[in-house]
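Visitor: Each residue of the sequence shown is one higher than the last, beginning at 1 in full-length UniProt numbering. Positions of the beta carbon are idealized from the N, C-alpha and C atoms, including for glycine. Given the structure is predicted, the values throughout are model-derived calculations rather than measurements.
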Amino acid sequence: MDLRDFVDALLRFESVARAEAPAQQWVKNRLHDFGFETYEWTADPERLAEHPSFPDDPDDIDTADRPSVAGAVEFGDPGAGPTLVLNGHVDVVPADRELWSHDPFLPDWDDDAGTVSARGAADMKAGLAACVFAALDLRDAVEAGDLALDGRVVVESVAGEEDGGIGAAAAALDNPYPFERDAALVAEPTRLKPVVATEGSVMKRLHLTGRTAHAASRWRGVDVIEKFEAIREAFFDLEAERTDAVSHPRFDYPIPWPVCVGRVEAGSWASSVAGTLTAEWRLGVAPGETVAEVEAAFEERLARVVADDEWLSAHPPAFERFSVQFEPAEIDADEPVVEALRAALRADGRDDDPVGATYGADSRHYVEAGIPTVLFGPGDIDNAHFPDETVEWAEVEVARDVIGETATRFLQSR
Numbered sequence: 001m002d003l004r005d006f007v008d009a010l011l012r013f014e015s016v017a018r019a020e021a022p023a024q025q026w027v028k029n030r031l032h033d034f035g036f037e038t039y040e041w042t043a044d045p046e047r048l049a050e051h052p053s054f055p056d057d058p059d060d061i062d063t064a065d066r067p068s069v070a071g072a073v074e075f076g077d078p079g080a081g082p083t084l085v086l087n088g089h090v091d092v093v094p095a096d097r098e099l100w101s102h103d104p105f106l107p108d109w110d111d112d113a114g115t116v117s118a119r120g121a122a123d124m125k126a127g128l129a130a131c132v133f134a135a136l137d138l139r140d141a142v143e144a145g146d147l148a149l150d151g152r153v154v155v156e157s158v159a160g161e162e163d164g165g166i167g168a169a170a171a172a173l174d175n176p177y178p179f180e181r182d183a184a185l186v187a188e189p190t191r192l193k194p195v196v197a198t199e200g201s202v203m204k205r206l207h208l209t210g211r212t213a214h215a216a217s218r219w220r221g222v223d224v225i226e227k228f229e230a231i232r233e234a235f236f237d238l239e240a241e242r243t244d245a246v247s248h249p250r251f252d253y254p255i256p257w258p259v260c261v262g263r264v265e266a267g268s269w270a271s272s273v274a275g276t277l278t279a280e281w282r283l284g285v286a287p288g289e290t291v292a293e294v295e296a297a298f299e300e301r302l303a304r305v306v307a308d309d310e311w312l313s314a315h316p317p318a319f320e321r322f323s324v325q326f327e328p329a330e331i332d333a334d335e336p337v338v339e340a341l342r343a344a345l346r347a348d349g350r351d352d353d354p355v356g357a358t359y360g361a362d363s364r365h366y367v368e369a370g371i372p373t374v375l376f377g378p379g380d381i382d383n384a385h386f387p388d389e390t391v392e393w394a395e396v397e398v399a400r401d402v403i404g405e406t407a408t409r410f411l412q413s414r
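Set out below in structure tokens:
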């Protein structure tokens, strides 16, 4: 089985949240067939509930039948060299099939364009596959006598990244291996750029109450949508203020700390003034900030809107956390794993300048556990979660080579 066959087979699994197990069993079997020492773990909801990313109630954290798997390959004297983890997540977001030009779980290979399209092509099954074959390339080179290394490389396929990093958080909290980990590379779609800082986010649910009235006499009601628009404007004003006030040298984006209201549900009948509204928000958190600090800033801005509105003052909104929270994460560009990656990129004639990403990733769990972690992989996050999600095959092959060279240089750094 070559890299293309591996990617094609993995993309055919509809490994959405809580349906990762068949794909993970397949990955574990392939790792075993390739000669890796395999490992498997399932997250403990009680442990995750102790972590600030996750809900406080373990019953709200679904980990049942959501295994994470890994394979390790050892070189020379494993104890004399470092251990590098190559991480990818097998779970994907759902696909709205009516928006796709083809079945999202039947890979569409365009050899003329040099692309493959499927759910998870960019985010991030191709990156996971590149990690597997980079590790195999190292093993083959060592066995052929072309390379001498001490240490080990571990390839992880984790579950639940889209749900806050269930598999990675479990591995960070309770090491599933009989050895320590020195650094990690997460193969998220970074357009083959080294990402050393990731944004965090806080998820908040806003609930407003107005007063219903018949559409024929709507002036007797209190339209909750009007109240929401005032809050929405205030939140986006705060986003603009934070764009100017909170800077970071690695975040050169038009809106570095985005605010997004991704879901709004209001009213109950077209001929009635809307009397209730629920809106779900994602609020960006910069490296160097905490989730709690950003949460407090938006709560204070909401309080200003409420204080200026007689109805809202008498009927205060509820603004509460929901789902999972993503803490920002950052490592120094002079960490050995980053230096190894940058050297590998330069050797391939590519840009090695470290950048930041306006999304959260599993890297934060490892960074919190004291494991320096860099993001690097094929594809573009702008293509992730999109209909006809696509990755350029040439990038996948480059990622394989660069990740392999990174691992080589990192293992030789001690």
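Take every Cβ of the stretch 160-180, pair it with every Cβ of the stretch 286-302, and state whether three or more of those distances are shorter than 8 Å.
Guide: No, the stretch 160-180 is not in contact with the stretch 286-302.
Visitor: Roughly how many angstroms separate the alpha carbons of threonine 243 and aspartate 237, rounded to a whole number?
Guide: For this step, residue 243 is matched to residue 243 along the sequence shown. For this step, residue 237 is matched to residue 237 along the sequence shown. Going from the Cα of threonine 243 to the Cα of aspartate 237 covers about 10 Å.
Visitor: Let's test the definition: count the other Cβ atoms within 10 Å of the Cβ of histidine 32 and tell me whether it reaches 16, buried, or not, exposed.
Guide: Here the question's residue 32 lines up with position 32 in the sequence shown. Exposed, since its Cβ has fewer than 16 Cβ neighbours within 10 Å.
Visitor: Does the distance from the CB of proline 328 to the CB of glycine 200 come in under 8 Å?
Guide: Along the sequence shown, one-based indexing puts residue 328 at 328. Along the sequence shown, one-based indexing puts residue 200 at 200. Their beta carbons are under 8 Å apart, which means proline 328 touches glycine 200 by this criterion.
Visitor: Counting beta carbon pairs with one atom in the stretch 50-59 and one in the stretch 126-138, are three or more of them shorter than 8 Å?
Guide: The stretch 126-138 is not in contact with the stretch 50-59.
Visitor: Contact check, cysteine 131 vs valine 116 under 8 Å by CB: the rounded distance?
Guide: By one-based count along the sequence shown, residue 131 stands at place 131. By one-based count along the sequence shown, residue 116 stands at place 116. The pair is not a contact, with the Cβ atoms about 17 Å apart (cut-off 8 Å).
Visitor: Which whole-angstrom value describes the C-beta separation of leucine 3 and alanine 118, a residue pair presumed to lie in contact below a C-beta threshold of 8 Å?
Guide: Here residue 3 refers to the residue found at position 3 when the sequence shown is read from its first residue. Here residue 118 refers to the residue found at position 118 when the sequence shown is read from its first residue. Contact flag wrong, Cβ pair sits at about 15 Å.
Visitor: Determine whether the beta carbon atoms of alanine 187 and alanine 399 lie at a separation below 8 Å.
Guide: To locate residue 187, count along the sequence shown from 1; it is residue 187. To locate residue 399, count along the sequence shown from 1; it is residue 399. It is a contact, given that the beta carbons lie within the stated cut-off.
Visitor: Just verifying my parser: in three-state terms, what is the DSSP assignment at leucine 128?
Guide: The residue you call residue 128 lines up with position 128 of the sequence shown. Of the three classes helix, strand and coil, the one that applies to leucine 128 here is helix, per DSSP.
Visitor: Since glycine 356 contacts proline 258 with CB under 8 Å, what's their CB separation in whole angstroms?
Guide: The residue given as residue 356 occupies position 356 in the sequence shown. The residue given as residue 258 occupies position 258 in the sequence shown. Actually they do not touch by this definition, with Cβ atoms about 13 Å apart.
Visitor: Hey, how far is the Cα of asparagine 87 from the Cα of proline 254?
Guide: Here residue 87 corresponds to residue number 87 of the sequence shown, with the count starting at 1. Here residue 254 corresponds to residue number 254 of the sequence shown, with the count starting at 1. Looking at the two C-alpha atoms, the distance is approximately 29 Å.
Visitor: Quick test of your reading: valine 93 and glutamate 162, contact by CB under 8 Å. State the CB separation rounded to the nearest angstrom.
Guide: Counting from 1 along the sequence shown, the entry for residue 93 is found at position 93. Counting from 1 along the sequence shown, the entry for residue 162 is found at position 162. That pair is a contact at about 6 Å.
Visitor: What is the DSSP secondary structure of tryptophan 269, counted as helix, strand or coil?
Guide: Start at 1 with the first residue of the sequence shown, and residue 269 comes out as number 269. Coil, per DSSP.
Visitor: Among Ala318, Val324, Val285, which one has its Cα closest to the Cα of threonine 358?
Guide: As a working mapping, residue 358 is identified with position 358 in the sequence shown. Of the listed residues, the one whose Cα sits closest to threonine 358 is Val285.
Visitor: Measuring straight from C-alpha to C-alpha, what distance separates proline 354 and serine 15?
Guide: Reading the sequence shown from its first residue, position 354 is the one you call residue 354. Reading the sequence shown from its first residue, position 15 is the one you call residue 15. Answer to the nearest angstrom: the Cα atoms are 31 Å apart.
Visitor: What is the residue span of the alpha helix (DSSP H) that histidine 32 lies within?
Guide: The residue you call residue 32 lines up with position 32 of the sequence shown. Residues 21-34.
Visitor: Please state whether DSSP places histidine 89 in a helix, a strand or coil.
Guide: Position 89 of the sequence shown, counted from the first residue, corresponds to residue 89. Reduced to three states, the DSSP call for histidine 89 is strand.
Visitor: Going by DSSP, which residues form a beta bridge with serine 68?
Guide: For this step, residue 68 is matched to residue 68 along the sequence shown. Partner(s): Trp41.
Visitor: Pick from Val158, Met124, Gly210: whose alpha carbon is nearest that of valine 85?
Guide: Counting from one through the sequence shown, the residue named residue 85 turns up at place 85. That would be Val158, whose Cα lies nearest to the Cα of valine 85.
Visitor: So, with DSSP's three-state summary, where would you put threonine 243?
Guide: Translated into the one-based positions of the sequence shown, residue 243 becomes position 243. Three-state result, threonine 243: helix.
Visitor: First and last residue of the alpha helix (DSSP H) that includes residue 428?
Guide: Residue 428 cannot be examined here, being either before or after the span of the chain that is shown, 1 to 414.
Visitor: Kindly indicate which residue of Val153, Leu147, Pro189 has the alpha-carbon position closest to the one of tryptophan 393.
Guide: Residue 393 sits at position 393 when you count from the first residue of the sequence shown. Looking at the Cα atoms, Pro189 is the closest of the given residues.
Visitor: If you count every other CB in all the chains shown that lies within 10 Å of the CB of leucine 375, and 16 or more means buried, which is it?
Guide: On the sequence shown, residue 375 is found 375 positions in, with the first residue counted as 1. Buried, by the Cβ-count rule.
Visitor: Quick one: using the 10 Å Cβ neighbour count with 16 as the cut-off for buried, is leucine 411 buried or exposed?
Guide: Here residue 411 corresponds to residue number 411 of the sequence shown, with the count starting at 1. By the neighbour-count rule (16 or more Cβ atoms within 10 Å), leucine 411 is buried.
Visitor: Three or more C-beta pairs closer than 8 Å, one from the stretch 362-379 and one from the stretch 97-115: is that the case here?
Guide: Too few Cβ pairs lie closer than 8 Å, so no.
Visitor: Measuring alpha carbon to alpha carbon, tell me which of Trp281, Glu280, Ala266 ends up nearest alanine 274.
Guide: Residue numbering aside, residue 274 sits at position 274 when the sequence shown is read from its first letter. Out of Trp281, Glu280, Ala266, Ala266 has the C-alpha closest to the C-alpha of alanine 274.
Visitor: On a Cα-Cα basis, can you pick out the residue from Glu241, Leu283, Thr63 that is closest to arginine 18?
Guide: Stepping through the sequence shown from its first residue, residue 18 is reached at position 18. The candidate whose alpha carbon is nearest that of arginine 18 is Thr63.
Visitor: Note down the Cα distance separating asparagine 175 from serine 68, rounded to an integer number of angstroms.
Guide: As a working mapping, residue 175 is identified with position 175 in the sequence shown. As a working mapping, residue 68 is identified with position 68 in the sequence shown. Computed Cα separation, rounded: 12 Å.
Visitor: Once DSSP output is grouped into helix, strand and coil, what is the label at phenylalanine 152?
Guide: On the sequence shown, position 152 is the one that residue 152 refers to. Checking the sequence shown, residue 152 turns out to be arginine, not phenylalanine. Arginine 152 falls in the strand class under three-state DSSP.
Visitor: Would the beta-carbon of alanine 344 fall within 8 Å of that of arginine 409?
Guide: Residue mapping note: residue 344 aligns to position 344 of the sequence shown, counting from 1. Residue mapping note: residue 409 aligns to position 409 of the sequence shown, counting from 1. Contact: yes.
Visitor: What span of residues does the beta strand (DSSP E) with glutamate 392 cover, start to end?
Guide: Mapped onto the sequence shown, residue 392 falls at position 392. Taken as a continuous stretch (DSSP letters only), the beta strand (DSSP E) holding glutamate 392 covers 390-392.
Visitor: Might you give, ordered along the chain, the residues of its own chain that have their beta carbon closer than 6 Å to the beta carbon of valine 153, omitting 5 neighbours on each side?
Guide: Position 153 of the sequence shown, counted from the first residue, corresponds to residue 153. Cβ within range, chain order: Val73, Leu84, Ala135, Ala407.
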